[in-house]
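Residue numbers for the sequence shown follow our numbering, so the first one is 54 and each next one is one higher.
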Amino acid sequence: MKLVRFGDFGREKPGLIDSDGKVRDLSGVIADLNGETLAPESLKKIAALDPASLPLAPEGARLGACVARPGNFVAVGLNFADHAAETNNPIPEEPVLFNKAPNCIVGPNDDVMIPKGSLKLDWEVEFAFVMGKRARYVEEKDALDYVAGYCICNDVSERHFQIERSGQWMKGKGCETFGPLGPWLVTTDEIPDTSTLAMWLEVNGERVQNGSMKTMIFRIPFLVHYISQFMVLDAGDVITTGTPPGVGLGFKPPRFLKAGDVMRVGIEGLGEQLQTVVPFKL
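Rendered as structure tokens:
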């Protein structure tokens with residue numbers, strides 16, 4: 054299934070994509086796409102529905118983030134060998150983990166806002182997964198049983214905050230609008246093999262990232278296992294898994310985003326996002 058959330062920001066309803074690509078309203082079945090409703094039993098109930106029995110969403114409705122605000126938004130850094138190389142970093146021996154603020158999550162086509170004091174705003178197409186049930190000390194062989202589905206994340210980053218302001222990376226990762234998710238949450242049964250998916254990102258029509266999950270270092274089952282050794286992951290939590298090469302920081306000289314730039318972001322099987330960069334506003 055491809056699950057979505059649609060409607061005005063903060064008032065989204067759950068939905069699914071039917072065979073004609075139209076959004077069907079699930080709000081009569083579940084309240085939202087969140088921890089409880091992403092559990093395996095709930096997903097089975099939704100999968101058993103006839104989409105034609107559900108009302109259509111309003112034509113042209115805004116798409117929100119494909120999961121309601123999670124408790125945790127965990128990111129994995131330097132998880133693609135070719136991206137580590139472009140940033141002159143060694144391949145990590147263990148996953149590099151950091152947090153993004155859950156309230157930085159926005160819809161796939163919402164504006165990305167330049168934060169106050171920003172000097173080096175950057176892009177990162179990433180494959181994200183959403184937990185479907187509580188995970189603690191999970192064995193790698195069982196890990197995918199805990200995952201509800203997959204989606205695109207643009208891990209928007211402010212490199213001056215992240216690298217030059219000292220301390221943790223999270224400084225440059227959790228500003229408002231720095232977590233576009235969606236358009237869809239694709240359940241795991243639709244993509245049984247994630248190891249070779251193409252990933253891309255364009256800025257103003259120029260393809261700057263053109264990578265593949267072939268170069269991912271630590272894959273999804275291992276990440277579920279690994280992260281669950283250090284924290285409890287709850288249903289609805291989001292983990293975004295790193296980016297291929299082509300980020301602005303990796304260009305020579307580096308290239309960063311400015312107001313008016315447009316990002317088009319895509320992953321094979323997971324759809325596309327489209328964001329415009331806008332100045333800071335209250």
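Every residue gets a Cβ at the ideal spot worked out from N, C-alpha and C, and that includes glycine.
What residue range does the alpha helix (DSSP H) around residue i cover?
i    : result
E139 : 134–139
V277 : 273–280
A100 : 93–100
In whole angstroms, give me the CA-to-CA distance for residue i and residue j.
i    : j    : result
G303 : L109 : 44 Å
A100 : I280 : 29 Å
D61  : G319 : 23 Å
A121 : A188 : 19 Å
T230 : D164 : 7 Å
L131 : G295 : 6 Å
D85  : D73  : 22 Å
V178 : D103 : 33 Å
E255 : K75  : 26 Å
H278 : V285 : 11 Å
V291 : W222 : 18 Å
A201 : K97  : 11 Å
T249 : K267 : 5 Å
P161 : S219 : 30 Å
Y190 : A196 : 10 Å
A114 : K224 : 33 Å
S106 : N152 : 40 Å
A137 : I270 : 10 Å
F333 : K55  : 33 Å
D71  : R77  : 7 Å
E65  : F214 : 31 Å
K173 : C228 : 13 Å
V129 : I216 : 16 Å
P143 : E112 : 48 Å
T90  : I83  : 7 Å
M252 : A181 : 12 Å
K305 : D135 : 16 Å
E211 : S171 : 7 Å
V315 : V331 : 10 Å
V127 : I205 : 14 Å
Considering just the uninterrupted stretch of the beta strand (DSSP E) at residue i, what are its terminal residues?
i    : result
I320 : 315–320
S265 : 259–265
L254 : 251–256
T240 : 238–240
V149 : 149–152
A128 : 126–130
Report, in whole angstroms, the separation of the C-beta atoms of residue i and residue j, which I expect to be a contact under 8 Å.
i    : j    : result
F275 : E193 : 6 Å
D175 : G301 : 4 Å
M166 : D287 : With a Cβ gap of about 28 Å, M166 and D287 do not count as contacting.
Y203 : L323 : 6 Å
N207 : P233 : 5 Å
Can you tell me which residues form a DSSP beta bridge with residue i?
i    : result
P67  : R58
F182 : Y203, I292
Q328 : M316
L310 : Answer is none; L310 lacks a bridge partner.
R77  : L69, L109
I158 : G232
A188 : L286
V165 : V330
Is residue i close to chain C? Criterion is C-beta to C-beta, closer than 8 Å.
i    : result
M223 : The structure shown has no chain C; it contains just one protein chain.
At a cut-off of 7 Å, would you count residue i as near the ligand SAH, judging by its Cβ distance to the nearest heavy atom?
i    : result
C206 : In terms of ligand content, the structure shown is empty, and the ligand SAH therefore cannot be addressed.
### Query
Per the contact definition of three or more C-beta pairs closer than 8 Å, is the stretch 138–157 in contact with the stretch 255–267?
no
### Query
Taking three-plus beta-carbon pairs below 8 Å as touching, is the stretch 111–130 in contact with the stretch 231–247?
yes
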